[in-house]
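In the working numbering, the protein residues as written are 1410 to 1565. C-beta: ideal position from N, C-alpha, C; glycine also. Below is one structure, written out as structure tokens; the observations come after it.
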């Protein structure tokens, strides 16, 4: 049976982390305690170790994705094991917001963006709380920030 690899909690105040790099690829052997992927918070980058051994069957969330703590990010099991048959709700974990032009949203909404996008927005003077992201789960992407800053200049 495939084992779900979940995003671990890294503190009481951190509820989501950005996957910086996968150190293993689908199909690679994974040993218990071996580093699987690196995550980034606002302050630190850490390696996340495998909690089970086996073969990395599938990576659900890739690099540069911001993922909530407790979310399934990958599956480890026996070589050739079928993951979809065991996890029919897998598509729910891959919620993707339809692309398009960035839109403004109420200021009280929660902002989801990577540290790099937050830096870019700060440098450009863009208020992230006013952007509706086009990334997975409504995450604000670099293109959303750049599109918002380019739009007024194009219309002038």
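With burial defined as no fewer than 16 other Cβ atoms inside 10 Å of the residue's Cβ, what is the status of residue 1457: buried or exposed? As a working note, residue 1457 is residue 48 in the chain shown. Counting C-beta atoms within 10 angstroms of its own C-beta, residue 1457 has 16 or more neighbours from the protein chains shown and is therefore classed as buried.
Start-to-end residues for the alpha helix (DSSP H) that takes in residue 1444: Within the chain shown, the letter at position 35 stands for residue 1444. Not the alpha helix (DSSP H): residue 1444 falls in the beta strand (DSSP E), residues 1444-1449.
Does DSSP put residue 1471 in a helix, in a strand, or in coil? Here residue 1471 refers to the residue found at position 62 of the chain shown. DSSP places residue 1471 in coil when its eight states are reduced to three.
By DSSP, does residue 1425 sit in helix, in strand, or in coil? Counting from 1 along the chain shown, the entry for residue 1425 is found at position 16. Note: residue 1425 maps to strand in three-state DSSP.
For residue 1548, collect the residues of the same chain with a Cβ closer than 6 Å to its Cβ; drop the 5 residues on either side in sequence, then sort them by chain order. To locate residue 1548, count along the chain shown from 1; it is residue 139. 1475, 1521, 1542.
Would you grab the beta carbon distance between residue 1466 and residue 1486 for me? Rounded to a whole angstrom, and I think it's under 8 Å. Position 57 of the chain shown, counting from 1, holds the residue named residue 1466. Position 77 of the chain shown, counting from 1, holds the residue named residue 1486. Contact holds; Cβ gap of about 5 Å.
If you reduce the DSSP assignment to three classes, tell me which class residue 1526 lands in. Counted from its first residue, the chain shown places residue 1526 at position 117. DSSP, read as helix, strand or coil, puts residue 1526 in helix.
Compare the beta carbon distance of residue 1471 and residue 1428 with 9 Å and say whether it is the shorter of the two. For the purposes of this step, residue 1471 is identified with residue 62 of the chain shown, where counting begins at 1. For the purposes of this step, residue 1428 is identified with residue 19 of the chain shown, where counting begins at 1. Yes, the pair counts as a contact, with Cβ atoms nearer than the cut-off.
Using the beta-carbon count (16 or more within 10 Å), is residue 1416 buried or exposed? Here the question's residue 1416 lines up with position 7 in the chain shown. Its Cβ being crowded by 16 or more others within 10 Å, residue 1416 is buried.
Quick check on the burial criterion: 16 or more other C-beta atoms within 10 angstroms. Buried or exposed for residue 1491? Taking the first residue of the chain shown as 1, we reach residue 1491 at position 82. Exposed, by the Cβ-count rule.
Taking the DSSP output, what are the residues bridged to residue 1454? Locating residue 1454 in the chain shown gives position 45, counting from the first residue. Paired residue(s): 1449.
Residues bridged to residue 1488 [DSSP beta-bridge criterion]: Against the chain shown, residue 1488 aligns to sequence position 79. Note: residue 1488 sits in no beta bridge, so no partner.
Between residue 1480 and residue 1424, what straight-line distance do the alpha-carbon atoms span, to the nearest angstrom? As a first step, residue 1480 is located in the chain shown; it is residue number 71 there, counting from the start. As a first step, residue 1424 is located in the chain shown; it is residue number 15 there, counting from the start. Going from the Cα of residue 1480 to the Cα of residue 1424 covers about 10 Å.
Separation of residue 1446 from residue 1524, as counted between CA atoms: Locating residue 1524 in the chain shown gives position 115, counting from the first residue. Locating residue 1446 in the chain shown gives position 37, counting from the first residue. Taking the Cα positions, residue 1524 is about 18 Å away from residue 1446.
Three-state secondary structure (DSSP) at residue 1552? Walking along the chain shown from the start, residue 1552 turns up at place 143. Taken through DSSP and simplified to helix, strand or coil, residue 1552 comes out as helix.
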